[in-house]
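*Asks:* If you're matching positions, the sequence shown starts at 2 in this note's numbering and goes up one per residue.
We put the CB at the ideal spot given by N, CA and C, even for glycine.
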Amino acid sequence: MQLNLHLLRIFFEVVRQNGFSRAAEKLFISQPAVSKAVRELERLLDLPLLERPAGGPRGVRLTDAGAGLFEHARSIFALERAALEDVQARTGRKRGRLILGASTTIAGYWLAPCLAALLADAPDIDVRVQVGNTAAIERALIDCEIDAALVEGPVHDERIDVAHWRDDPMCVVAGTATGTATDIPDGSDRRHRIDAAALSRQTWLMRESGSGTREVAETFLAAHAITPARTVEIGSNEGIARAVATGLGIALLPRCVVRELLTIGSVRTIPFAAEAPLARPLYRIRLRDRPASPLLTRWHEVLARGC
Numbered sequence: 002m003q004l005n006l007h008l009l010r011i012f013f014e015v016v017r018q019n020g021f022s023r024a025a026e027k028l029f030i031s032q033p034a035v036s037k038a039v040r041e042l043e044r045l046l047d048l049p050l051l052e053r054p055a056g057g058p059r060g061v062r063l064t065d066a067g068a069g070l071f072e073h074a075r076s077i078f079a080l081e082r083a084a085l086e087d088v089q090a091r092t093g094r095k096r097g098r099l100i101l102g103a104s105t106t107i108a109g110y111w112l113a114p115c116l117a118a119l120l121a122d123a124p125d126i127d128v129r130v131q132v133g134n135t136a137a138i139e140r141a142l143i144d145c146e147i148d149a150a151l152v153e154g155p156v157h158d159e160r161i162d163v164a165h166w167r168d169d170p171m172c173v174v175a176g177t178a179t180g181t182a183t184d185i186p187d188g189s190d191r192r193h194r195i196d197a198a199a200l201s202r203q204t205w206l207m208r209e210s211g212s213g214t215r216e217v218a219e220t221f222l223a224a225h226a227i228t229p230a231r232t233v234e235i236g237s238n239e240g241i242a243r244a245v246a247t248g249l250g251i252a253l254l255p256r257c258v259v260r261e262l263l264t265i266g267s268v269r270t271i272p273f274a275a276e277a278p279l280a281r282p283l284y285r286i287r288l289r290d291r292p293a294s295p296l297l298t299r300w301h302e303v304l305a306r307g308c
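(1) Which residue marks the beginning of the alpha helix (DSSP H) containing P272, and which one marks its end?
(2) Could you spell out the range, first to last residue, of the beta strand (DSSP E) harbouring P282?
(3) Evaluate contact between the segment 121-135 and the segment 197-207, counting only Cβ atoms and requiring at least three cross-stretch pairs below 8 Å.
(4) Which residue marks the beginning of the beta strand (DSSP E) containing I100, and which one marks its end?
(5) Quick one: what's M207 bridged to in DSSP?
(6) Near S36, which residues of its chain fall below 8 Å by C-beta distance, leaving aside the five closest residues on each side in sequence?
(7) Strictly by DSSP, which residues pair up with C316?
(8) Check whether the Cβ atoms of S104 and G176 sit closer than 8 Å, and answer yes or no.
(9) Which residues share a DSSP beta bridge with L50?
(10) I think A252 touches W205, with their Cβ atoms under 8 Å apart; what is that distance to the nearest whole Å?
(11) CB-CB under 7 Å to R289, same chain, minus the five flanking residues each way: which ones, in chain order?
(12) Can L119 and V130 be called in contact, C-beta distance under 8 Å?
(13) Is it buried or exposed for P114, if we count other Cβ within 10 angstroms and need 16 for buried?
(14) Nearest-angstrom Cα distance between L85 and N238?
(15) Excluding five sequence neighbours on each side, which residues of the same chain lie with their C-beta closer than 7 Å to the C-beta of N5?
(16) Sort out for me which residues DSSP pairs D162 with in a bridge.
(17) Count the other CB atoms within 10 Å of the CB of R40; is the residue buried (16 or more) or exposed (fewer)?
(18) So what does DSSP say about A293, is it helix, strand or coil?
(19) Considering Cα atoms alone, identify which of R82, T264, G97 and G248 is closest to L296.
(20) The ligand ADP heavy atoms versus the CB of R202: any closer than 7 Å?
(21) Cα separation between G250 and Y284?
(22) In or out: F29 buried (at least 16 other Cβ within 10 Å) or exposed?
(23) Taking the alpha carbon of H225 as the point to measure from, which residue in E261, V173 and C257 has its own alpha carbon closest?
(24) When the Cα atoms are used, what is the spatial distance from H153 to P124?
(25) Just list the residues that DSSP pairs Q131 with in beta bridges.
(26) Whole angstroms are fine: how far does the CA of G266 sit from the CA of I107?
(27) Using 10 angstroms around the beta-carbon of S294, count the other beta-carbons present and answer buried if the total reaches 16, otherwise exposed.
(28) Under 8 Å by Cβ, that's how I've got I149 and I241 pegged, so tell me the actual separation to the nearest angstrom.
(29) Taking only three categories from DSSP, how would you classify A1?
(30) With C-beta atoms as the reference, is D1 less than 8 Å away from R281?
(31) By DSSP, does R40 sit in helix, in strand, or in coil?
(32) Smallest Cα separation from A74: which of I138, H7 and A24?
(33) Considering only residues of the same chain and omitting the five flanking positions on each side of F71, which have a CB-CB separation below 7 Å?
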């Protein structure tokens, strides 16, 4: 059996556009031609790819086989785009370009010195940075929308090579305003450390699902048997830090995010029983089966030098 890539491309676009009409517009062909192509692909594979409930909601619903094929198609056409970009760069039809991904804390606090070092080595290249939480960056890497990335959360997809880059110190912080977390000592007595019960009585401010900071916080809470009385979700570490300063709750945050607030006394660190300093690893990631371009190799050399 051979996979017809023309039919696969049409099926892939139907799923991406969530409809036959929109796929037809995107591909500049008629809707009947799109429908015929999907049916022909199903016939060749002898598998139903789309569910077609009578009178059901509009849009595309995949069968299990269709969902699996769509993921393979995503990888195939992403690698196609990457190959074309690499060939164009090597044949001089455009300037060298490197598209990097970075999760939010890395983009805000760690990335700039590394970019400066890269541009010092190669001042004429075009560098772009796509920022998002770890899950979004992982997806962009699999889709070959970016060449490589730096992330602050674990990556689980087997198609991605993951390497430790550096550690990011973290701390549990509370506001210093009167009445904020009053049952938590200020840590002036270094012999006293906070127990899990005291931390469980607090409101914890958390990042959204898919964030590396969120995953580290959840692991920390579970490891120390802390069950927050309430959690509030906020979509950025900076937003959480400012909310902590107003007394809304406490949070586990990268120290680089709260350094200024600690300096001016708007927040304080909360001592904890564990003697080892809190830190999380940061990772550099790349697609396993994608050949490294000369620019990507140079980027990894910059990271290896410690920026």
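*Replies:* In short, the structure shows the following:
(1) In the sequence shown, the residue the question calls residue 272 occupies position 271. In the DSSP assignment, P272 falls outside any alpha helix (DSSP H) and carries neither an H nor an E.
(2) As a first step, residue 282 is located in the sequence shown; it is residue number 281 there, counting from the start. Its beta strand (DSSP E) spans residues A280 to L288.
(3) Verdict: no, contact absent.
(4) Here residue 100 corresponds to residue number 99 of the sequence shown, with the count starting at 1. Where I100 is concerned, the enclosing beta strand (DSSP E) stretches over R98 to S104.
(5) The residue given as residue 207 occupies position 206 in the sequence shown. According to DSSP, which records beta bridges pairwise, M207 is partnered with E234.
(6) In the sequence shown, residue 36 corresponds to position 35, counting from 1. Cβ neighbours of S36 beyond the five flanking positions: F21.
(7) Lying before the first or after the last residue shown, residue 316 is absent from the chain, which here runs from 2 to 308.
(8) As a first step, residue 104 is located in the sequence shown; it is residue number 103 there, counting from the start. As a first step, residue 176 is located in the sequence shown; it is residue number 175 there, counting from the start. In this structure, S104 keeps its C-beta atom at 8 Å or more from the C-beta atom of G176.
(9) In the sequence shown, the residue the question calls residue 50 occupies position 49. Beta-bridge analysis with DSSP links L50 to no other residue.
(10) Within the sequence shown, the letter at position 251 stands for residue 252. Within the sequence shown, the letter at position 204 stands for residue 205. The pair is a contact, with the Cβ atoms about 6 Å apart (cut-off 8 Å).
(11) Residue 289 sits at position 288 when you count from the first residue of the sequence shown. Contacts found: R160, I161 and D162.
(12) On the sequence shown, position 118 is the one that residue 119 refers to. On the sequence shown, position 129 is the one that residue 130 refers to. Cβ distance not < 8 Å, so L119 and V130 don't count as in contact.
(13) Along the sequence shown, one-based indexing puts residue 114 at 113. Under the 10 Å beta carbon count, P114 is surrounded by fewer than 16 other beta carbons and is classified as exposed.
(14) Mapped onto the sequence shown, residue 85 falls at position 84. Mapped onto the sequence shown, residue 238 falls at position 237. For L85 and N238, the distance between alpha carbons rounds to 37 Å.
(15) Numbered from 1 along the sequence shown, position 4 holds the residue referred to as residue 5. If we look at N5 and ignore the five residues flanking it on each side, its Cβ neighbours are L42 and L45.
(16) Position 161 of the sequence shown, counted from the start, is the residue given in the question as residue 162. DSSP lists R287 as partners of D162.
(17) Mapped onto the sequence shown, residue 40 falls at position 39. Classification of R40: exposed, given that the 10 Å Cβ count is below 16.
(18) For the purposes of this step, residue 293 is taken as the residue at position 292 of the sequence shown. DSSP places A293 outside both helix and strand once states are collapsed to three, so it counts as coil.
(19) By 1-based counting over the sequence shown, the position of residue 296 is 295. Nearest C-alpha to L296: G97.
(20) Looking at this structure, you won't find the ligand ADP or any other ligand, since it has none at all.
(21) As a working mapping, residue 250 is identified with position 249 in the sequence shown. As a working mapping, residue 284 is identified with position 283 in the sequence shown. For G250 and Y284, the distance between alpha carbons rounds to 29 Å.
(22) Position 28 of the sequence shown holds residue 29. F29 is exposed by the Cβ-count criterion.
(23) Against the sequence shown, residue 225 aligns to sequence position 224. Selected option, being the one with the closest Cα: V173.
(24) As a working mapping, residue 153 is identified with position 152 in the sequence shown. As a working mapping, residue 124 is identified with position 123 in the sequence shown. His is not the amino acid found at residue 153; the sequence shown has Glu there. E153 and P124 have their C-alpha atoms some 28 Å from each other.
(25) The residue given as residue 131 occupies position 130 in the sequence shown. Beta-bridge analysis with DSSP links Q131 to G102.
(26) Walking along the sequence shown from the start, residue 107 turns up at place 106. Walking along the sequence shown from the start, residue 266 turns up at place 265. C-alpha of I107 to C-alpha of G266: approximately 24 Å in a straight line.
(27) Looking up residue 294 in the sequence shown gives position 293. Under the 10 Å beta carbon count, S294 is surrounded by 16 or more other beta carbons and is classified as buried.
(28) As a first step, residue 149 is located in the sequence shown; it is residue number 148 there, counting from the start. As a first step, residue 241 is located in the sequence shown; it is residue number 240 there, counting from the start. Sequence inspection shows Ala at residue 149; the Ile mentioned does not correspond to that position. A Cβ-Cβ distance of about 28 Å is found for the pair A149 and I241, leaving them out of contact under the 8 Å criterion.
(29) Since the displayed the chain opens at 2 and closes at 308, residue 1 lies outside it and no answer follows.
(30) Coverage of the chain is limited to positions 2 through 308, which leaves residue 1 absent and any answer about it impossible.
(31) Position 39 of the sequence shown holds residue 40. DSSP places R40 in helix when its eight states are reduced to three.
(32) Taking the first residue of the sequence shown as 1, we reach residue 74 at position 73. Taking only the C-alpha atoms, the option nearest A74 is H7.
(33) Counting from 1 along the sequence shown, the entry for residue 71 is found at position 70. Around F71: F13, V16 and L63.
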